[in-house]
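In the working numbering, the protein residues as written are 279 to 440. So the structure is just underneath, and the comments pick up after that.
Shown next as structure tokens:
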């Protein structure tokens, strides 16, 4: 019996010795992790901002390395855009009235001599001024175009009931 008791005591003491050593180790680590107490405030963390500069030919797109998109240069629009000739979109549909009070129908809009207005042409509108209404034509001035343009009345003969 005596032998049994001594072995039980040894087992208990070895258990407490290992546990005590572990507890002492944890206390030391906690004391080291706490750090020193000072009056100094914590340093402010400065996070740098990223800057992206695209110079055109320098570097390449990491997602599309074979792309030439960043290398294209924007055309210089310092001058005026060339004015397009919209006279092909204008049609003289008809002329009516006496010679001194004629009215011209241009693209479903009526005009008298000297009258200014906008005419629907294609997907946009064109500002014109009627300078002269003749018997089978109209002379107009298109905004942005220097020279006046003459629109001729189209002679389409509609078939009469045959």
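Where is the CB? At the ideal position from N, CA and C, for every residue including glycine. Please read all numbers here as calculations on a predicted model, not as lab measurements.
| message | Between which residues of its own chain and residue 391 is the CB-CB distance below 8 Å, once the five residues before and five after are set aside? | response | 380, 408, 409, 410, 411
| field | Cβ shell of residue 428 (< 6 Å), same chain only, five flanking positions each side left out | value | 415, 417
| query | Run through DSSP, which three-state label would residue 365 get? | reply | helix
| field | Burial state of residue 382, where buried means 16 or more other Cβ atoms lie within 10 Å | value | buried
| What is the DSSP secondary structure of residue 403, counted as helix, strand or coil? | strand
| residue 417 lies in the beta strand (DSSP E); which residues open and close that run? | 415-420
| field | Cβ neighbours of residue 430 in the same chain (closer than 8 Å, five flanking residues each side left out) | value | 370, 414, 415
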